[in-house]
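Structure first, commentary second.
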Amino acid sequence: MSENDKIRPRKLKWILLAAIIATAIFFRVYDLDRFSQAGGDDVEFRYHLPSNVRIFRQGLERLDARAPGPQSAFLAAVYLSHWDVNRTVTSFAKPFFLLELGLLDNIIGLSHPDPLINVFRLHLWMAFLGAATVVLVYLLAARLGGERAGLAAAFLVAVSPWAVRYSTWVLHVAGGGFWLVLALLAAVAADRKDRPLRVLLYGAILGIAVYYSTSMIWPAFFLAIFEILRRSYSAVAKRRPPRPAGRLVLFGAGLVLPLALWEGINALAVDFFKNIVGLNNLPRPHLCGLAEGPHTFLLRLLQTFKDNAGRSVNLPLDRIYFFRHLKDSDGWLFLALVSAALVYAVYVACRGDNPRRPTRLRLLFLFLGTAWIMNYSGGTQVARHYYAAALAGFVLAGDLVGKLFSYRPRFAAVIAGLVFLAGVWNFFRLEDYRRSRQGPARLMEWERQASFIGRIATPGMQTMDLWPTLTPVYTWEELRRFAAAAPGAHVMYSDYIGIAHGAWFYHIPDQFEMAQAMRRCEEVVFATDSYLSYDPMLYENEFYYWGLFRSRPGDFDPRIRVVPAREVFSVHRRLGRDEEYLDELRRIFERPPPVVIPAWRDMITFPYMKPTPRPSFLVEGILSAVACLAFTLYCFKKRVC
Numbered sequence: 065m066s067e068n069d070k071i072r073p074r075k076l077k078w079i080l081l082a083a084i085i086a087t088a089i090f091f092r093v094y095d096l097d098r099f100s101q102a103g104g105d106d107v108e109f110r111y112h113l114p115s116n117v118r119i120f121r122q123g124l125e126r127l128d129a130r131a132p133g134p135q136s137a138f139l140a141a142v143y144l145s146h147w148d149v150n151r152t153v154t155s156f157a158k159p160f161f162l163l164e165l166g167l168l169d170n171i172i173g174l175s176h177p178d179p180l181i182n183v184f185r186l187h188l189w190m191a192f193l194g195a196a197t198v199v200l201v202y203l204l205a206a207r208l209g210g211e212r213a214g215l216a217a218a219f220l221v222a223v224s225p226w227a228v229r230y231s232t233w234v235l236h237v238a239g240g241g242f243w244l245v246l247a248l249l250a251a252v253a254a255d256r257k258d259r260p261l262r263v264l265l266y267g268a269i270l271g272i273a274v275y276y277s278t279s280m281i282w283p284a285f286f287l288a289i290f291e292i293l294r295r296s297y298s299a300v301a302k303r304r305p306p307r308p309a310g311r312l313v314l315f316g317a318g319l320v321l322p323l324a325l326w327e328g329i330n331a332l333a334v335d336f337f338k339n340i341v342g343l344n345n346l347p348r349p350h351l352c353g354l355a356e357g358p359h360t361f362l363l364r365l366l367q368t369f370k371d372n373a374g375r376s377v378n379l380p381l382d383r384i385y386f387f388r389h390l391k392d393s394d395g396w397l398f399l400a401l402v403s404a405a406l407v408y409a410v411y412v413a414c415r416g417d418n419p420r421r422p423t424r425l426r427l428l429f430l431f432l433g434t435a436w437i438m439n440y441s442g443g444t445q446v447a448r449h450y451y452a453a454a455l456a457g458f459v460l461a462g463d464l465v466g467k468l469f470s471y472r473p474r475f476a477a478v479i480a481g482l483v484f485l486a487g488v489w490n491f492f493r494l495e496d497y498r499r500s501r502q503g504p505a506r507l508m509e510w511e512r513q514a515s516f517i518g519r520i521a522t523p524g525m526q527t528m529d530l531w532p533t534l535t536p537v538y539t540w541e542e543l544r545r546f547a548a549a550a551p552g553a554h555v556m557y558s559d560y561i562g563i564a565h566g567a568w569f570y571h572i573p574d575q576f577e578m579a580q581a582m583r584r585c586e587e588v589v590f591a592t593d594s595y596l597s598y599d600p601m602l603y604e605n606e607f608y609y610w611g612l613f614r615s616r617p618g619d620f621d622p623r624i625r626v627v628p629a630r631e632v633f634s635v636h637r638r639l640g641r642d643e644e645y646l647d648e649l650r651r652i653f654e655r656p657p658p659v660v661i662p663a664w665r666d667m668i669t670f671p672y673m674k675p676t677p678r679p680s681f682l683v684e685g686i687l688s689a690v691a692c693l694a695f696t697l698y699c700f701k702k703r704v705c
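Spelled out as structure tokens, the structure:
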């Protein structure tokens, strides 16, 4: 073989990898500047981070009359990690994500008068994290099954609509996936050379992932269980407990290290800056504050789980939730490939023909735990919490394609061609997603061009921080006063805001009646898509989360609509003469609330929804967990690890 023949394959690998990275970037930045900040996709930044950074900056300026440095970002993250919107695990459990946004505010600036420019900069950062995750997936899959496996897995993540959406969303999920894959790479490094520092680093990076994204809490839990099983079995099998036990302690120490650092530092920071900034209601966190209440991250996390367990109700579960979403999001081919890869990975793990690399078994345990056990336990049913399983599935799929290339090149070439065509198809399929993400921005632009600013009202449950120029109205009397004061008054309404923010509930009858009237209005002066016009986004809302919906409600309209106020009154008067409608309305408000959503501390109720059946998912969850543990122990016995 000549020297050129030796070099050519390596050059081809780098060319293919560069092409995949370029594809990943293209998928993520295409039309990115037109994406809106509204519609629930950038809630963390849009409504809270800028105002809180501003508060802390003002306090620091009063302190020393100089421009603040990066500490303002840290302080904003401290504040937000302890005071959240929903009083739930969902918001406060990602201080590192909030810290990252605050640091970006210091580096690239997020104070432009046009909010769309600020959010575009954040979108661009998230796109970068998404592309960087593609590179990490390549490295992980290459260590599992070789270069071909790495390239195949990287391409799957590069063109996956599931991964692309999170990479164009100012949400913690994309960065959480980045840190999770980095932790898995650290685990591979620790497997190769079982040195204390590598084991500690593995745990620490996994801890950062948990503190960055709530979506990584379950994956980290299953990885921790895997490490406990692995080290414990190794100690028992080899009858030499000190080293395996010591490595397990190191892993655990690394896992809690980010928590200890965060809680320890912010205990000092909050005390120091609380009075200066003037936030006297900011709780003082205590590392051992059990007697004083759940002020730290860990204690608030445990308290929230306790509260949820005390109020929770059994809701219908989708037994194939992950696979259904993968099909709806990425298509049948990707679903078939991941499913085949799962079967292949189980077969190889049971054979035990890879004694020095537990990577495959770790990925399998992560996949089965997240996509199967978590589903049957009822822990969560929202798409972003299954993203870790998608990443693990794509790595295993890359491993399968790599093996097919080794043993059946022609057949593998057909699979590779189909996957490539599916990638092209996914790019054009994402056009629906791009169009839906641009809807709120189109409304803002139409409002400006039509000179309707200040002349549009909207029901109060529509979360109107999205468009500050709109006037919220909570009762019919408020709407009448607005219509009298604003010539040609119009009303904006969209079911998508309600279903996305858990607002299909109404504390007063007027809100429900307004919604019913606005849904029936036919004289629409403006309409545009919302992000729930893209079907897979249904898996992201809280109703789907708790199993109340498995498809769009019959009368659900995902569009944003603006209608004349006079027609709203006309429809309402017409409904007031409909005896059947009035009887239904009375039954709705006389019926006691049948459903309590446990993750909301304010006891959100749905007075007009029918009671849901009570499934017996506990037995199924236990059986699936036992099966997964038995499979793992069998593989340990086959000396996979």
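Numbered according to our numbering, the sequence shown spans residues 65 to 705. We put the beta carbon where it would ideally sit given N, CA and C, even for glycine. None of these values were measured; they are calculated from a predicted model.
Whether residue i touches residue j by CB criterion (8 Å)
i: A218; j: V245; result: no
i: L406; j: L460; result: yes
i: G462; j: A216; result: yes
i: A238; j: Y230; result: yes
i: W226; j: H449; result: no
i: I220; j: V483; result: A small fix is needed here, since residue 220 is Leu in this sequence, not Ile. Yes; because the gap between Cβ atoms is below 8 Å, this pair is in contact.
i: T533; j: E511; result: yes
i: T696; j: F429; result: yes
i: L208; j: R415; result: no
i: G240; j: S296; result: no
i: L163; j: F242; result: no
Among the options, nearest to residue i - alpha-carbon criterion
i: V252; options: L204, Y297 and S224; result: L204
i: S597; options: F458, L485, G503 and V223; result: G503
i: G457; options: L162, V201 and F469; result: V201
i: F161; options: R448, I272, A216 and L507; result: I272
i: L309; options: A83, P260, D382 and Y266; result: Looking at the sequence shown, residue 309 is not Leu but Ala. Among A83, P260, D382 and Y266, the Cα nearest to that of A309 is on P260.
i: S441; options: F484, R383 and C414; result: R383
i: N439; options: L427, A453 and R426; result: A453
i: R584; options: P573, W540, Y595 and F633; result: F633
i: V93; options: A191, S100, I85 and I84; result: A191
i: G395; options: V690, F492, F286 and S100; result: F492
i: G466; options: Y297, L401, L646 and Y451; result: L401
i: E509; options: F590, W489 and P159; result: F590
i: A409; options: L399, S298, F431 and S277; result: F431
i: L248; options: V320, L287 and R641; result: L287
i: A404; options: P159, R499, Y497 and L464; result: L464
i: S694; options: A284, F653 and R294; result: The sequence shown places Ala at residue 694, not Ser. It is R294 whose Cα lies nearest to the Cα of A694.
CB-CB length for residue i against residue j, believed under 8 Å
i: A550; j: G518; result: 7 Å
i: Y30; j: L323; result: No statement about residue 30 is possible, as the shown extent of the chain runs from 65 to 705 and does not include it.
i: C692; j: G433; result: 6 Å
i: V588; j: V627; result: 6 Å
i: E604; j: A447; result: 5 Å
i: R625; j: S515; result: Between S515 and R625 the Cβ distance is about 19 Å, and since that is not below 8 Å, they are no contact.
i: R623; j: D647; result: Contact flag wrong, Cβ pair sits at about 29 Å.
i: L639; j: Q580; result: 7 Å
i: V555; j: A521; result: 5 Å
i: R421; j: F290; result: With a Cβ gap of about 14 Å, R421 and F290 do not count as contacting.
Residues near residue i in its chain [Cβ-Cβ closer than 8 Å; skip 5 each side]
i: Q575; result: P523, G524, M525 and Y538
i: L468; result: F475, A476 and I479
i: L314; result: P260, V263, L264 and G267
i: I89; result: A191 and A195
Nonlocal neighbours in the same chain, by C-beta distance under 6 Å from residue i, ignoring five residues either side
i: D97; result: F184
i: A547; result: A553 and A629
i: A250; result: L265, Y266 and I269
i: M601; result: Y595
i: D666; result: Annotation note: pLDDT 46 at D666 (below 50); position unreliable, coordinate value reported separately. Nothing listed; no residue qualifies.
i: K391; result: L399
i: M280; result: G240, L244, A273 and V274
i: G685; result: Y440 and S441
Same chain, Cβ closer than 7 Å to residue i, five either side skipped, listed in chain order
i: A206; result: A213 and G214
i: T87; result: A222 and V223
i: E541; result: none
i: L232; result: It should be noted that the sequence gives Thr, not Leu, for residue 232. Counting only Cβ-Cβ distances below 7 Å, and skipping sequence neighbours, we find R92, L96, F99, H187, M190 and A191.
i: S688; result: W436, I437 and Y440
i: M578; result: P523
Handout entry: Runs of alpha helix (DSSP H) lying entirely within the region 264-319, each at least 4 residues, in chain order
Key = 281-302
Handout entry: beta strand (DSSP E) runs contained entirely in the region 457-494, provided each spans 3 or more residues
Key = none
Problem - Contained beta strand (DSSP E) runs [length at least 3] in the region 166-237, N- to C-terminal order - result: none
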